[in-house]
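Below is one structure; the comments refer to it alone.
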Amino acid sequence: MPKLLGQMMQMPLSISSLIRHAARHAGDVEVVSRRVEGDVHRSNYAELERRARQLAQALSRLGCEAGDRVGTLAWNGHRHLELFYGVAGSERVCHTVNPRLHAEQIAWIINDAQDRVLCFDLTFLPLVEKIAPQLGSVGHFVLMTDRAHMPVTSAWPGLLCYDDLLAAESGDWAWPEFDENTASNICYTSGTTGHPKGVIYSHRSAVLHALAQVAPDVMCLGARDVVLAVSPMFHVNAWGVPYAAPMVGAKLVLPGAQLDGASVYELMESERVTFSAGVPTVWLGLMTHMKAQGLQFSTLRRTLIGGAACPPAMLRTLEDDFGLEVVHGWGMTETSPLGTAGQLKAKHVGLDAASRQSVKHKQGRVLFGVDIAILDAADRPLPWDGCTPGNLVVRGPWVIDRYFGRDDSPHVDVAGEPWFPTGDVATIDADGYMQITDRTKDVIKSGGEWISSIDLENIAMAHPAVHEAAAIACHHPKWDERPLLVVVRKPQAQLSAAELLGFYEGRVAKWQIPDDVVFVDELPHTATGKLLKLKLRETYRDHRLPDVRT
Ligand code: AMP
């Protein structure tokens with residue numbers, strides 16, 4: 063019998079289809095940006111789509127061809143969003159560079175991706191002026207501003223003005239159709255060791271990821287939402303929010319460079335934001351500001367927290383004191399990023415608040431399309447019993463196949479199938495809730511037993527006098543490694559090491575209680591706002607623990 067094929071239309075999934083859809087069905091829905099120029103810019107999806115078409119035309123005029131990379135060094139704003147659509151929608155590749163990295167690393171990344179054009183916010187003019195001589199592949203430098211804000215000096219005669227480039231084009235241009243597997247964006251991993259590695263997303267992966275993330279158990283987005291894209295567009299495409307919001311016709315708010323608690327709160331209130339997603343550091347800043355000022359949210363209802371472990375104390379405060387519904391999610395640059403989200407199942411609804419929150423502390427269940435497993439050291443699958451930790455592996459249509467420019471596959475083979483090794487250590491329970499216990503390299507190995515640094519940090523964060531805490535491994539002559547806490551106290555709070563260590567009694571096994579506490583004024587963070595434990599390990603490598611002091 064010949065196989066019977068489905069007889070549905072073949073329509074490639076494309077990023078331009080998202081903005082075309084939004085322009086046609088939600089054309090008057092606002093896109094609001096706080097710009098680095100100092101103003102708040104108001105636009106809508108119809109105008110955004112028109113300007114993205116003008117941008118595509120302007121890139122052709124600059125000689126930019128299909129497959130060429132267009133780099134960006136920019137905050138979340140409407141011009142950056144136009145680049146997301148105008149670049150990828152015209153078959154070029156949008157390369158979002160993390161401007162918080164070191165200048166040398168930024169230059170390395172731009173050269174590695176061979177960017178042809180570099181577009182950047184006014185904030186980054188001094189940085190780009192400094193590194194421009196090293197950027198051999200870049201033929202055009204475009205300042206993402208209007209004529210009035212262009213620098214008056216003629217020191218850089220070839221510098222182009224973004225708004226002028228667009229104004230010179232008619233917008234009379236049709237979005238091309240091409241293979242959905244075409245590259246759409248490149249994002250480099252943070253690269254705590256060695257050089258950063260490029261992850262290339264496709265139109266297909268971006269659209270499938272957006273379809274999955276708007277679902278009720280993930281971000282639960284719809285046309286009545288106002289979404290604040292607080293995670294940066296240079297960190298895994300703001301977690302897909304710039305695609306998801308137009309897909310459902312939600313109003314989109316872009317906060318620019320001001321991500322401190324007061325500015326984020328002010329924007330949430332003035333634009334009547336209903337949903338936002340971000341790393342714990344952003345929420346910490348917001349909560350600290352709101353507590354100090356005695357504020358409440360008037361419109362914000364839901365949030366997804368991920369990128370680093372959301373401490374239980376933060377989840378409790380946001381839900382109990384600020385009335386939010388919190389979903390804890392997990393993902394990576396290599397997974398577009400969303401892999402799991404921790405919304406409850408029907409059987410959890412009747413539980414008391416504390417039991418519900420203990421389910422929600424976990425990083426959650428997979429989104430449809432993604433599959434996870436935990437493996438032992440010989441790559442054999444481990445049981446889903448909620449207590450056996452193993453190396454977390456993942457696969458799915460928005461999970462990386464291989465890194466840019468590398469022929470070798472990063473995958474591990476499990477029963478003949480390729481899986482991506484995340485570098486995270488996790489447990490999975492019988493309901494499929496995954497819980498990250500550590501990064502492979504952050505786990506503290508004491509006398510052959512593993513201690514979860516995240517568990518230790520979560521306990522410290524639950525102490526009322528602690529602002530932020532990191533648990534790291536410290537060398538110990540007998541146990542090999544023992545935990546050390548590095549802690550930032552809340553302003554004016556009194557807390558001694560002995561008091562904090564006493565707080566661990568009854569909360570973890572005795573042998574897991576940290577050996578010592580170091581109080582500091584602030585903790586180092588990565589360019590994407592996560593604790594920089596590598597730096598802490600270097601700093602405290604020679605720290606003498608109390609029982610080995612001579
Ligand atoms: P990046 O690719 O820079 O976004 O980093 C991805 C890594 O962040 C993951 O492999 C995890 O180690 C960590 N991560 C992301 N989300 C969470 C979470 N909810 N809890 C704990 N760690 C997380």
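Using the working numbering, the final residue of the sequence shown is 612, and nothing's skipped along the way. Idealized CB from N, CA, C, for every residue including glycine.
{"Query": "Of the residues Gln72, Ser95 and Ser105, the one placed nearest Ala88, counting alpha carbons only", "Result": "Ser105"}
{"Query": "Gly458 to Asp438 span [Cα, whole Å]", "Result": "21 angstroms"}
{"Query": "Backbone CA spacing between Arg544 and Leu596 [nearest angstrom]", "Result": "16 angstroms"}
{"Query": "Within the stretch 126 to 188, ranges of the alpha helix (DSSP H) (whole runs, at least 4 residues)", "Result": "140 to 151 and 165 to 175"}
{"Query": "Distance CB(Val200)-CB(Leu180) smaller than 8 angstroms", "Result": "yes"}
{"Query": "Member of Val432, Asp433, Gln419 and Ile498 whose CA lies at the smallest distance from the CA of Gln425", "Result": "Ile498"}
{"Query": "C-alpha distance - Asn243 paired with Ser514, whole-angstrom precision", "Result": "39 angstroms"}
{"Query": "Three-pair Cβ contact test at 8 angstroms for the stretch 293 to 305 versus the stretch 147 to 162", "Result": "yes"}
{"Query": "Segment contact flag, the stretch 510 to 526 with the stretch 472 to 484, C-beta cutoff 8 angstroms, min 3 pairs", "Result": "no"}
{"Query": "Beta-carbon gap between Gly431 and Thr489 smaller than 8 angstroms", "Result": "no"}
{"Query": "Coarse secondary structure for Thr588, derived from DSSP in three states", "Result": "coil"}
{"Query": "Counted within 10 angstroms of its Cβ, other Cβ atoms place Glu144 as buried (16 or more) or exposed", "Result": "buried"}
{"Query": "Classification of Asp117 by the beta-carbon crowding that lies within 10 angstroms, buried from 16 upward", "Result": "The sequence given here places Leu at residue 117; Asp does not occur at that position. By the 10 Å Cβ count, Leu117 comes out buried."}
{"Query": "Euclidean distance between Cα positions of Met376 and Gly347", "Result": "11 angstroms"}
{"Query": "Where Ala370 falls, given that 16 or more other Cβ within 10 Å makes a residue buried", "Result": "buried"}
{"Query": "Met394 beta carbon near the ligand AMP (any heavy atom closer than 7 angstroms)", "Result": "yes"}
{"Query": "Opening and closing residue of the beta strand (DSSP E) in which Ile490 lies", "Result": "Glu479 to Ile490"}
{"Query": "Assigned exposure category for Glu214 - 16 Cβ within 10 Å defines buried", "Result": "The sequence shown places Val at residue 214, rather than the Glu named in the question. Exposed, by the Cβ-count rule."}
{"Query": "Close beta carbons around Ser360, own chain, < 7 angstroms, minus the five adjacent residues each side", "Result": "Glu331"}
{"Query": "Min CB distance Trp446 to chain B below 8 angstroms", "Result": "No chain B is present in this structure, which holds just one protein chain."}
{"Query": "Gly323 burial status per 10 Å Cβ neighbour count (16 or more: buried)", "Result": "buried"}
{"Query": "Spatial distance of Asp493 from Val455 (CA atoms)", "Result": "18 angstroms"}
{"Query": "Endpoints, beta strand (DSSP E) assigned at Lys572", "Result": "Taken as a continuous stretch (DSSP letters only), Lys572 belongs to no beta strand (DSSP E), as it is neither H nor E."}
{"Query": "Strand pairing of Glu333, partner residues [DSSP]", "Result": "According to DSSP, which records beta bridges pairwise, Glu333 is partnered with nothing at all."}
{"Query": "Test item: CB-CB of Val549 and Ile534 under 8 angstroms", "Result": "no"}
{"Query": "Own chain, CB closer than 8 angstroms to Thr502, minus 5 neighbours either side, in chain order", "Result": "Asn453, Gly485, Asp486 and Val487"}
{"Query": "Beta-carbon proximity list for Ser95, same chain, < 6 angstroms, skipping 5 on both sides", "Result": "His103, Gly139, His140 and Leu316"}
{"Query": "Any non-hydrogen atom of the ligand AMP within 7 angstroms of Asp486 CB", "Result": "yes"}
{"Query": "Presumed contact (8 angstroms Cβ cut-off) between Val341 and Ser293, rounded CB distance", "Result": "7 angstroms"}
{"Query": "Reduced DSSP category for Ile513 - H, G, I as helix; E, B as strand; rest coil", "Result": "strand"}
{"Query": "Straight-line Cα distance separating Ala559 from His423", "Result": "26 angstroms"}
{"Query": "Simplified DSSP state of Lys507, which is helix, strand or coil", "Result": "strand"}
{"Query": "6 angstroms Cβ shell around His271 - same chain, five flanking residues per side excluded", "Result": "Gly302, Ser398 and Trp460"}
{"Query": "Helix, strand or coil at Asn299 [DSSP, three-state]", "Result": "helix"}
{"Query": "Cys372: CB within 7 angstroms of a non-hydrogen atom of the ligand AMP", "Result": "yes"}
{"Query": "Same chain only: Cβ atoms within 7 angstroms of Asp241, ignoring 5 sequence neighbours per side", "Result": "Pro74"}
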